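Going by the numbering used here, the sequence shown opens with residue 34, and the numbers climb by one from there.
Ideal Cβ positions, reconstructed from N, Cα and C, are used throughout, including at glycine.
Since this is a predicted model, take the numbers as computed values, not measurements.
Notes to accompany the following structure.
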Amino acid sequence: MEVTKYLSVVVASMVKFVGGPVTGIAVGLNWVETWLFTVAGMMASVMLVTYAGTALQALINRFRRSAPRRFTRRTRLAVRVWKRSGMLGIAFLTPLLLTPIGGTILAVSFKVNRSLIFSYMLISALFWGIVFTLAVYQLPDLFSRFTSSETGK
């Protein structure tokens, strides 16, 4: 039943990036498997949204009852990130603050080339995947060391 374990990590990281490492440790995968399937989940989400982005936007606009508000706090923040650092900033912040879906929607809304979206998001997923996976796998050890040093006085 390894396939279900892998799929659960992929699905969790498609929705929220940090969900992949948390799910990986919960189902008993090693950190390399967790890292690889977390990256695969984010990239599956990026591909899905990139290729279905315009169709999804048309569908949302079709059922929208009123015009969207143009200047919200969220849109101003997105424009500020875009103006300061472009696609690099969006890709860097996607696993941290945005979801894989949200970061890709943002990139698609700024009309970024698909190949650029894929390459930057892949680099970001590889980097942040290692950081989050190792952090999640090392946290229990750090807590046990801290509590054992406190009780060992």
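Please work out which residues of its chain come closer than 6 Å, Cβ to Cβ, to residue i, disregarding the five sequence neighbours upstream and downstream, and give them in chain order.
| i | result |
| --- | --- |
| Thr56 | Ser41, Val42 and Ala45 |
| Gly162 | Trp68, Thr71 and Val72 |
| Ile150 | Thr83 and Ala140 |
Alpha carbon to alpha carbon, how far is residue j from residue i? Give it in angstroms, no decimals.
| i | j | result |
| --- | --- | --- |
| Met75 | Val141 | 15 Å |
| Phe50 | Val164 | 12 Å |
| Tyr48 | Ser78 | First, the residue type needs correcting, since residue 48 is Val and not Tyr in the sequence shown. Approximately 8 Å between the Cα atoms of the pair. |
| Leu37 | Pro133 | Leu is not the amino acid found at residue 37; the sequence shown has Thr there. Approximately 21 Å, taken between the alpha carbons. |
| Phe96 | Thr87 | 15 Å |
| Gln90 | Leu131 | 18 Å |
| Val60 | Glu66 | 11 Å |
| Leu92 | Ala85 | 10 Å |
| Arg103 | Arg109 | 9 Å |
| Leu62 | Ser118 | 36 Å |
| Ser148 | Gly135 | 18 Å |
| Gly122 | Thr105 | 20 Å |
Using C-beta distances below 7 Å, list every residue in its chain close to residue i, excluding the 5 sequence neighbours before and after it, in chain order.
| i | result |
| --- | --- |
| Leu155 | Met76 |
| Ser157 | Ala124, Phe125, Thr127 and Pro128 |
| Gly52 | Ala45 and Ser46 |
| Met80 | none |
Where do the ends of the alpha helix (DSSP H) carrying residue i lie?
| i | result |
| --- | --- |
| Asn146 | It is not in any alpha helix (DSSP H) - Asn146 carries neither H nor E in the DSSP assignment. |
| Phe13 | For residue 13 there is no data in the structure shown, the boundaries of the chain being 34 and 186. |
| Arg107 | Arg106 to Leu126 |
| Lys38 | Glu35 to Val48 |
| Thr56 | Gly52 to Val60 |
Under 8 Å, do residue i and residue j count as touching if we go by C-beta distance?
| i | j | result |
| --- | --- | --- |
| Thr166 | Pro54 | yes |
| Met120 | Tyr153 | yes |
| Phe160 | Trp115 | no |
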